[in-house]
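Undergrad:
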Ligand SMILES: Nc1ncnc2c1ncn2[C@@H]1O[C@H](COP(=O)(O)OP(=O)(O)OP(=O)(O)O)[C@@H](O)[C@H]1O
Ligand SMILES: [Mg+2]
């Protein structure tokens with residue numbers, strides 16, 4: 001790994017520039033995706049099932065290779081360094097950690113052992129101190145002394161986020177942290193994500209289907225459909241956008257139309 005270069009104040013900490021992603025050499029999933037995440041902010045990536053959100057995070061984290069996928073065009077920079085050509089462990093070492101969909105904790109290890117795994121890239125002797133820091137954010141994890149497999153879904157999500165904190169990252173990408181959680185727990189987990197961002201200054205990219213919570217937590221949002229960004233804007237712009245309200249914030253059961261079918265929707269030039 002090379003030394004990270006100093007960022008200009010106005011440069012985003014993460015910059016995805018016009019990437020395409022292909023699985024198995026033929027299945028094109030992302031079609032020219034560009035996303036900027038400013039340092040210290042929470043940015044959310046929203047979109048329906050199959051849009052390509054997890055693929056975007058895997059491209060960032062160097063995890064496509066394990067699924068026979070690759071970034072076939074464009075580039076991704078983190079802290080001024082190109083990362084789409086790096087492997088997953090180098091990306092973690094550069095300070096970018098991903099909490100994957102489905103949590104992926106180690107079920108037959110204890111909470112503390114799982115947390116220590118998150119610190120595998122560190123050799124600074126402050127691991128125990130950081131375990132206490134994680135327990136401060138997630139006090140109920142401290143009470144769970146058995147195997148992680150016996151934790152509830154919400155507790156496993158907390159453990160997955162705690163494990164990310166153990167790497168002392170500059171940025172965390174979270175893939176659907178609200179998945180499978182009760183409304184009360186979703187609120188709690190999002191509250192903690194905001195608190196971590198505020199107190200630790202950790203930049204977050206939050207992939208979500210739960211647009212209500214994600215947009216409230218975020219400074220800026222992108223909406224992805226069928227492998228393309230169809231809309232982006234500040235929290236206020238998106239919360240007040242009529243189409244976003246109808247399709248993402250309504251919470252109704254009506255079959256959701258696509259932005260592509262809307263007359264009012266004009267794709268912005270920069271995405272063409
Ligand atoms: N390893 C893979 N090989 C081939 N196709 C894949 C692979 N992973 C994902 N895809 C396809 O890529 C598309 C995008 O998938 P992705 O998981 O990125 O979507 P998503 O937006 O995260 O959806 P969800 O909200 O359901 O998690 C889907 O059509 C999916 O079938
Ligand atoms: Mg996904």
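Numbering (the UniProt record's numbering), first residue to last: 1 to 272.
Yeah, the Cβ is synthetic: ideal placement off N, Cα and C, and Gly gets one too.
For clarity, every value in this text was computed on a predicted model and none was experimentally measured.
With 16 as the cutoff for other CB atoms within 10 Å, does residue 128 come out buried or exposed?
TA: By the Cβ neighbour-count rule, residue 128 is exposed, with fewer than 16 other Cβ atoms within 10 Å of its own.
Undergrad: At a cut of 8 Å, does the segment 56-72 reach the segment 9-22 through at least three beta carbon pairs?
TA: Result yes; three or more Cβ-Cβ pairs closer than 8 Å.
Undergrad: Is residue 208 near ligand 2, with its Cβ less than 6 Å from a heavy atom?
TA: no
Undergrad: I need the straight-line Cα distance from residue 11 to residue 187, nearest angstrom please.
TA: Rounded to the nearest angstrom, the two C-alpha atoms are 31 Å apart.
Undergrad: Please name the residue, chosen from 75, 47 and 28, that lies closest to residue 232 on a Cα-to-Cα basis.
TA: 47
Undergrad: Tell me the residue span of the alpha helix (DSSP H) that contains residue 27.
TA: Looking at the DSSP string, residue 27 is not in any alpha helix (DSSP H); the run it does join, the beta strand (DSSP E), is 27-37.
Undergrad: Give a single yes or no on whether residue 23 has its beta carbon closer than 6 Å to a heavy atom of ligand 1.
TA: yes
Undergrad: Could you say which of 241, 235 and 223 lies nearest to residue 45 if we only look at CA atoms?
TA: Residue 45 has its Cα closest to that of 223, out of 241, 235 and 223.
Undergrad: Would the beta-carbon of residue 162 fall within 7 Å of that of residue 134?
TA: Remark: C-beta atoms of residue 162 and residue 134 approach each other more closely than 7 Å.
Undergrad: Since residue 204 is in the beta strand (DSSP E), which residue starts that stretch and which ends it?
TA: 203-208
Undergrad: Three or more beta-carbon pairs under 8 Å between the segment 65-79 and the segment 111-124, yes or no?
TA: no
Undergrad: How far does the alpha helix (DSSP H) with residue 190 in it extend, from its first residue to its last?
TA: 183-200
Undergrad: Excluding the five sequence neighbours on either side, which residues of its own chain have a C-beta within less than 6 Å of the C-beta of residue 227, listed in chain order?
TA: Hits under 6 Å: 29, 30, 31 and 52.
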